[in-house]
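Novice:
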Amino acid sequence: MFKFKLDSILSYAQHEEEEVKMRLAVKDGQIAEVESKIQGLISDYNSGLESKAEDLKAGRMKNVPMYSAYFIRLKRAEAFHREEKE
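Start counting the sequence shown at 8; every next residue gets the next number (the numbering used here).
(1) Return helix, strand or coil for Asn70, following the three-state DSSP convention.
(2) Mapping DSSP to helix, strand and coil, what is Met29?
(3) Using CA atoms only, rank isn't needed, just tell me which of Lys44, Glu57, Ala60 is closest to Ala84.
(4) Given a cut-off of 8 Å, decide if Lys92 and Ile38 are closer than it, judged by their beta-carbon atoms.
(5) Among residues of its own chain, excluding the 5 on either side of Lys28, which ones have a beta-carbon nearer than 7 Å to its beta-carbon?
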């Protein structure tokens, strides 16, 4: 009787451990996905800065005001994803 109870407790503990490992793996995947989104937004921001600099050098002043709204959108999205990550 004692061996049966011990085996069932051990089996339950192993099952719980497997569940925790699976949930952690899913969470790690979600964190990696958010990190990827953040890196993409940072890359887009840096590319936008380079494009803005090129437009300024070339004298394309019509395009310059549009960058501010674009940069704000990227920063807000980045802040959202960073908050989501935590």
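Backbone N, C-alpha and C define an ideal beta-carbon position, used for all residues, glycine too. None of these values were measured; they are calculated from a predicted model.
Specialist: Considering the structure as presented:
(1) coil
(2) helix
(3) Lys44
(4) yes
(5) none
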